[in-house]
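Visitor:
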Amino acid sequence: MTEPTADISAVLTDQDSLVLASMETPVEMQLVMDWLGRQRARNPDAKYEVLKLPSSDAPPAALTALVGQLESGEDRSVVPVRVFWRPAPDRGRLAKLAGLLPGRDPYQPNERLQRRVLDKDPRCARVIAGDPAKVSELRQQWRDTTVGQDERDFAQFVTRRAYLAMERAEYRILGPQYKSPRLLKPEILASARFRAGLKKIPGATVEEAGKMLDELATGWSRVSVDLVSVLGRAISRGFEPEIDYDEYQVAAMRTALEAHPAVLLFSHRSYIDGAVVPVAMQENRLPPVHVFAGINLSFGVMGPLLRRSGVIFIRRNIGDNPLYKYVLREYVGYIVEKRFNLSWSIEGTRSRTGKMLPPKLGLMAYVADAYLDGRSEDILLQPVSISFDQLHETAEYAEYARGGEKTPEGIGWLYNFIKAQGERNYGKIYVRFPEAVSMRQYLGPPHGELAQDKDAKRLALQKMSFEVAWRILQATPVTATGLVCALLLTTRGAALTLAQLHHTLQDSLDYLERKLTPMSTSALRLRTPDGVRAAVDALSNGHPITRVDGGREPVWRIAPDDEHAAAFYRNSVIHAFLETSIVELALAYAQRAEGDRMEAFWSQAMRLRDLLKFDFYFADSAAFRENIAEEMAWHQDWESHVAAGGDEIDALLFAKRPLMSDAMLRVIFESYEIVADVLRDAPAGIGDKELTDLALGVGRQYVAQTRVRSNESVSTLLFATARQVVADQDLIGPGPDLAERRAAFRSELRDIVRDCDYVGRIARTQFVSREAEALQKGRASRAQ
Numbered sequence: 012m013t014e015p016t017a018d019i020s021a022v023l024t025d026q027d028s029l030v031l032a033s034m035e036t037p038v039e040m041q042l043v044m045d046w047l048g049r050q051r052a053r054n055p056d057a058k059y060e061v062l063k064l065p066s067s068d069a070p071p072a073a074l075t076a077l078v079g080q081l082e083s084g085e086d087r088s089v090v091p092v093r094v095f096w097r098p099a100p101d102r103g104r105l106a107k108l109a110g111l112l113p114g115r116d117p118y119q120p121n122e123r124l125q126r127r128v129l130d131k132d133p134r135c136a137r138v139i140a141g142d143p144a145k146v147s148e149l150r151q152q153w154r155d156t157t158v159g160q161d162e163r164d165f166a167q168f169v170t171r172r173a174y175l176a177m178e179r180a181e182y183r184i185l186g187p188q189y190k191s192p193r194l195l196k197p198e199i200l201a202s203a204r205f206r207a208g209l210k211k212i213p214g215a216t217v218e219e220a221g222k223m224l225d226e227l228a229t230g231w232s233r234v235s236v237d238l239v240s241v242l243g244r245a246i247s248r249g250f251e252p253e254i255d256y257d258e259y260q261v262a263a264m265r266t267a268l269e270a271h272p273a274v275l276l277f278s279h280r281s282y283i284d285g286a287v288v289p290v291a292m293q294e295n296r297l298p299p300v301h302v303f304a305g306i307n308l309s310f311g312v313m314g315p316l317l318r319r320s321g322v323i324f325i326r327r328n329i330g331d332n333p334l335y336k337y338v339l340r341e342y343v344g345y346i347v348e349k350r351f352n353l354s355w356s357i358e359g360t361r362s363r364t365g366k367m368l369p370p371k372l373g374l375m376a377y378v379a380d381a382y383l384d385g386r387s388e389d390i391l392l393q394p395v396s397i398s399f400d401q402l403h404e405t406a407e408y409a410e411y412a413r414g415g416e417k418t419p420e421g422i423g424w425l426y427n428f429i430k431a432q433g434e435r436n437y438g439k440i441y442v443r444f445p446e447a448v449s450m451r452q453y454l455g456p457p458h459g460e461l462a463q464d465k466d467a468k469r470l471a472l473q474k475m476s477f478e479v480a481w482r483i484l485q486a487t488p489v490t491a492t493g494l495v496c497a498l499l500l501t502t503r504g505a506a507l508t509l510a511q512l513h514h515t516l517q518d519s520l521d522y523l524e525r526k527l528t529p530m531s532t533s534a535l536r537l538r539t540p541d542g543v544r545a546a547v548d549a550l551s552n553g554h555p556i557t558r559v560d561g562g563r564e565p566v567w568r569i570a571p572d573d574e575h576a577a578a579f580y581r582n583s584v585i586h587a588f589l590e591t592s593i594v595e596l597a598l599a600y601a602q603r604a605e606g607d608r609m610e611a612f613w614s615q616a617m618r619l620r621d622l623l624k625f626d627f628y629f630a631d632s633a634a635f636r637e638n639i640a641e642e643m644a645w646h647q648d649w650e651s652h653v654a655a656g657g658d659e660i661d662a663l664l665f666a667k668r669p670l671m672s673d674a675m676l677r678v679i680f681e682s683y684e685i686v687a688d689v690l691r692d693a694p695a696g697i698g699d700k701e702l703t704d705l706a707l708g709v710g711r712q713y714v715a716q717t718r719v720r721s722n723e724s725v726s727t728l729l730f731a732t733a734r735q736v737v738a739d740q741d742l743i744g745p746g747p748d749l750a751e752r753r754a755a756f757r758s759e760l761r762d763i764v765r766d767c768d769y770v771g772r773i774a775r776t777q778f779v780s781r782e783a784e785a786l787q788k789g790r791a792s793r794a795q
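Spelled out as structure tokens, the structure:
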């Protein structure tokens, strides 16, 4: 047999050592014994005894020999060894897929495959040794951390330590992207900490807890790591093959992950997101993440496959199950303590509107508990922005908006999802990793005051989570898709020419550049007519833009049936124009206000911020005012113009480029107004479903009567937030003067919509003026 590559590092010394050898086949036994012979030749005076390492779940009877060896000396070193099989690095996609078949795993080949590997390339077999430990050290760890009572329990503990030590040795060879937790269930169940907490739960048993751990159990098999790019590309087919990264952000995150465990919290617009994060980590040679997902996705063959690909399936409703909550808490704590990385959507579910949803704190609380318990010096919350030029799921979201029901997940659903992905080109996927948030910074040191103060801890978690979401938004690049859809949604179905699209988009691009807002490559290309043409053509044929040909030149429009889909893309860029849109509506309010118009401007800006707080993320009040003042400072002597009111505010608005409130916020306030209108004659305490159904009916009536501008304001998704707004205004439950307060709120919203109209008219005047300028320049050019 040809000699394989061996690990000849100074592991076996001249002292007494017990070699625990993991040998499953005659081939592996021969390789280990040959390696051991070479070690003895180098250290002829050393005493090496070899014992076959029992399996990690070996019954007590199989541990007898190991028990005897461990009793023979406390200063004896225990050294675990095994054969590490490493597949050829240049094997193709089919070979990687074949690794999923029984007996074909290149990291755990059967005997026949082992012989074939050695004949072809003996360098693919390597005997590796884990870090040695003295029996006395292991015994102390056993006593400190487990509930073990006898020598057989100690032998089981040593066996688990041996397997974990060999895993660490292999990670050093393979790289951090292959790191994954092993032996998680027996480690947790044997923990003295876990058993102590279990006793506090009435009726809880170790057996039941073990079943829950089996349900949660996950891990990256090495074959799955190799297949990440293959499977990820299959799910995300239809997009350009190269994901768009910021290399500086990747380098900074790599450095941060070397020091602390992290939770990667990603924005969630698509089912694809869960596949994108592992692909992004693997492509950048970063440690793998273990992604939490709803147990509804554990169907058919997908459950076992995804479990081997780092997915942790959790139950949706666990409020009345204290044992499950405890097991999940300890599971998360173990993952963090062992410095593995977790990941989930900070929004908890997909955003079907294109805007970021409020953060969910459930899983975050478990991570915070692990930190406050001292299981890590710090935990990083790594924001992850995932965005797309286009998504086929917008058609599904449009149906939700109209009142449709969610399609249950299953094999058929998965087939249709993947099929739809390949029907056309959806452009690029953009992944950004802004600076991580330190849990220590927000929660203080471990075992600190927040460990006992639940209210203070929850407040700190909210602030921390909002900071993560804010960083995601600030890093998300504005796309051409969002800008084009925002523009065409303001035309009320009228089509625009290429030249009209091009010159109108320039104001938005100027504004984004001035604000240093991240933009995608497709957005930057809107500077040229060719870039605009590429963007609208990619969205044409009802995706969601319609191109009309046959005239003197093509024109593009958004048909009424496509408004909901287009709104998803428009909503994905609102955050970049939110504050400037509020500025416009505050100016419009000040223009019609009596008395101190500067006071009116600021009070309305803060009022709009309060009304929109359920739809958008904002900087804190002080920072928000600073941002507004900074933007208004672009206009010379703006305060005196506002104070003068009338025509001077008109002129201020006309000089402002771009005017975005009508494009970005009108539909939001129209949806609020529809719900407020329904409340006029609704009973106190009206239920959510009844309120939504009535709002859908009234909204459709108002669209038909043109009392509401477009279909997109009539949306169950927008009405869900509108319900939160009216509840926050105390307009749902019974109370004094309820009818009067409801009427006053409806009147306030109508006035805000009229302010949108006012700004919209000025924006159309700008458009006409620019059209005239362009026409005049064209005539002058032809005359020359």
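Numbers in this note's numbering are just positions in the sequence shown, counted from 1, shifted up by 11.
Here a beta-carbon is modelled for each residue, glycine too, at the ideal position from N, C-alpha and C.
Considering only their Cβ atoms, is the gap separating L334 from M223 smaller than 9 Å?
Guide: Looking up residue 223 in the sequence shown gives position 212. Looking up residue 334 in the sequence shown gives position 323. With a cutoff of 9 Å on beta-carbon distance, M223 and L334 are scored as near each other.
Visitor: Rounding to the nearest angstrom, what Cα-Cα distance links Q787 and L622 in this structure?
Guide: If you number the sequence shown from 1, residue 787 lands on position 776. If you number the sequence shown from 1, residue 622 lands on position 611. Near 43 Å, if we compare the C-alpha coordinates of L622 and Q787.
Visitor: Give the DSSP bridge partners of R171, in chain order.
Guide: Here residue 171 refers to the residue found at position 160 when the sequence shown is read from its first residue. DSSP output for R171 lists no bridge partner at all.
Visitor: Can you say whether E14 is buried or exposed, counting buried as having 16 or more other CB atoms within 10 angstroms of its CB?
Guide: What you label residue 14 is simply residue 3 of the sequence shown in a count that begins at 1. Legend: pLDDT at E14 = 42, less than 50; position of this residue unreliable, value from coordinates given subsequently. Counting the other Cβ atoms within 10 Å of the Cβ of E14 gives fewer than 16, which makes it exposed.
Visitor: Sort A785, T532, F756 and L598 by Cα distance to S672 and report the nearest one.
Guide: Taking the first residue of the sequence shown as position 1, residue 672 is located at position 661. Out of A785, T532, F756 and L598, L598 has the C-alpha closest to the C-alpha of S672.
Visitor: Is it right to say N552 is buried, meaning 16 or more other beta carbons lie within 10 angstroms of its own, or is it exposed?
Guide: For the purposes of this step, residue 552 is identified with residue 541 of the sequence shown, where counting begins at 1. By the 10 Å Cβ count, N552 comes out exposed.
Visitor: Report buried or exposed for M177, applying the criterion of at least 16 other Cβ atoms within 10 angstroms of its Cβ.
Guide: Sequence index remark: in the sequence shown, residue 177 carries index 166 (1-based). Buried, by the Cβ-count rule.
Visitor: Opposite M530 in the DSSP bridges: which residues?
Guide: For the purposes of this step, residue 530 is taken as residue 519 along the sequence shown, with counting starting at 1. Note: M530 sits in a beta bridge opposite V489.
Visitor: Going by the beta-carbon positions, is the gap between S281 and I397 smaller than 9 Å?
Guide: Locating residue 281 in the sequence shown gives position 270, counting from the first residue. Locating residue 397 in the sequence shown gives position 386, counting from the first residue. Yes; because the gap between Cβ atoms is below 9 Å, this pair is in contact.
Visitor: Pull up the distance between the alpha-carbon of G186 and that of R296, whole angstroms please.
Guide: For the purposes of this step, residue 186 is taken as residue 175 along the sequence shown, with counting starting at 1. For the purposes of this step, residue 296 is taken as residue 285 along the sequence shown, with counting starting at 1. When rounded, the distance between both Cα atoms is 8 Å.
Visitor: Would you call Y342 buried or exposed, if buried means 16 or more other Cβ atoms sit within 10 Å of its Cβ?
Guide: Residue mapping note: residue 342 aligns to position 331 of the sequence shown, counting from 1. It is buried - the Cβ of Y342 has at least 16 other Cβ atoms within 10 Å.
Visitor: Comparing C-alpha positions only, which one of A144, Q80 and R127 sits nearest to A136?
Guide: As a position in the sequence shown, residue 136 is number 125, starting the count at 1. The shortest C-alpha separation from A136 is found at R127.
Visitor: Who does Y59 pair with in a DSSP beta bridge?
Guide: Along the sequence shown, read from residue 1 onward, the residue named residue 59 stands at position 48. Per DSSP, S28.
Visitor: Enumerate in chain order the residues of its own chain whose CB-to-CB distance from V61 is below 7 Å, with the five nearest sequence positions on each side excluded.
Guide: Locating residue 61 in the sequence shown gives position 50, where the first residue counts as 1. Once the five neighbours on either side are set aside, the close Cβ partners of V61 are V30, A32 and L47.
Visitor: Considering only C-alpha positions, which residue in the set V689, E637, S651 and Y441 is nearest to E258?
Guide: Position 247 of the sequence shown holds residue 258. Considering only alpha carbons, the answer is Y441.
Visitor: Of all Cβ atoms in chain B, is any one closer than 9 Å to the Cβ of R618?
Guide: This model lacks chain B altogether, as it is built from one protein chain only.
Visitor: With distance defined between alpha-carbon atoms, name the residue in K211, I660 and L383 nearest to Q463.
Guide: Working through the sequence shown from its first residue, we reach residue 463 at position 452. For Q463, the nearest C-alpha among the options comes from L383.
Visitor: What number of angstroms, rounded off, separates the C-alpha of R363 from the C-alpha of I743?
Guide: Within the sequence shown, the letter at position 352 stands for residue 363. Within the sequence shown, the letter at position 732 stands for residue 743. So the alpha carbons of these two residues sit roughly 25 Å apart.
Visitor: Using the three-state DSSP reduction, which class does H646 fall into: helix, strand or coil?
Guide: Numbered from its first residue, the sequence shown carries residue 646 at position 635. Coil.
Visitor: Tell me the DSSP secondary structure of F612 in three-state form.
Guide: Counted from its first residue, the sequence shown places residue 612 at position 601. Helix at F612.
Visitor: Just checking, does the segment 531-542 make contact with the segment 259-279 on the three C-beta pairs under 8 Å criterion?
Guide: no
Visitor: Using three-state DSSP, classify L509 as helix, strand or coil.
Guide: As a first step, residue 509 is located in the sequence shown; it is residue number 498 there, counting from the start. Correct three-state label for L509: helix.
Visitor: Compute the Euclidean distance between the alpha carbons of R618 and D762, then round it to the nearest angstrom.
Guide: As a first step, residue 618 must be located in the sequence shown, where it is residue number 607. As a first step, residue 762 must be located in the sequence shown, where it is residue number 751. So the alpha carbons of these two residues sit roughly 13 Å apart.
Visitor: Name the one or two DSSP bridge partners that Q393 has.
Guide: For the purposes of this step, residue 393 is taken as residue 382 along the sequence shown, with counting starting at 1. Per DSSP, L275.
Visitor: For K366, which residues in the same chain have their Cβ closer than 6 Å to its Cβ, ignoring the five residues on either side in sequence?
Guide: Here residue 366 corresponds to residue number 355 of the sequence shown, with the count starting at 1. Only N582 meet the Cβ criterion.
Visitor: Take every Cβ of the segment 64-77, pair it with every Cβ of the segment 162-169, and state whether three or more of those distances are shorter than 8 Å.
Guide: yes
Visitor: Cβ atoms of V338 and L227: under 9 Å apart, would you say?
Guide: Taking the first residue of the sequence shown as position 1, residue 227 is located at position 216. Taking the first residue of the sequence shown as position 1, residue 338 is located at position 327. Yes, they are a contact pair.
Visitor: Which residues in the same chain have their Cβ closer than 7 Å to the Cβ of V158, if we skip the five residues on either side of it in sequence?
Guide: In the sequence shown, counting from the first residue as 1, residue 158 sits at position 147. Closer than 7 Å at Cβ, skipping near neighbours: A201, A203 and R206.
Visitor: Over the uninterrupted beta strand (DSSP E) stretch that includes L550, give me the two end residues.
Guide: Looking up residue 550 in the sequence shown gives position 539. No beta strand (DSSP E) contains L550, which DSSP labels as neither H nor E.
Visitor: Would you call the segment 599-610 and the segment 647-666 touching, i.e. three or more CB-CB distances under 8 Å?
Guide: They touch, by the three-pair rule.
Visitor: Quick check: the Cα distance between A173 and R361, rounded to an integer number of angstroms?
Guide: The sequence position of residue 173 within the sequence shown is 162, counting from 1. The sequence position of residue 361 within the sequence shown is 350, counting from 1. In a straight line, the C-alpha of A173 is about 42 Å away from that of R361.
Visitor: Let me make sure I understand the geometry here. Which of V287, F351 and I325 has the alpha-carbon closest to that of A273?
Guide: Along the sequence shown, one-based indexing puts residue 273 at 262. Answer by Cα proximity: F351.
Visitor: Does DSSP put Y441 in a helix, in a strand, or in coil?
Guide: Translated into positions along the sequence shown, residue 441 becomes position 430. Here Y441 sits in strand by DSSP.
Visitor: Can you find at least 3 beta carbon pairs, one from the segment 671-688 and one from the segment 753-771, that sit closer than 8 Å?
Guide: yes
Visitor: Name the two residues that bound the continuous alpha helix (DSSP H) containing T557.
Guide: As a working note, residue 557 is residue 546 in the sequence shown. Element bounds for T557: not the alpha helix (DSSP H) but the beta strand (DSSP E), T557 to V559.
Visitor: What residues in its chain sit with their C-beta under 7 Å from that of P120, if we drop five residues either side in the sequence?
Guide: Position 109 of the sequence shown, counted from the start, is the residue given in the question as residue 120. Residues W96 and V128 of the same chain have their beta carbon placed closer than 7 Å to that of P120, with the five preceding and five following residues left out of the count.
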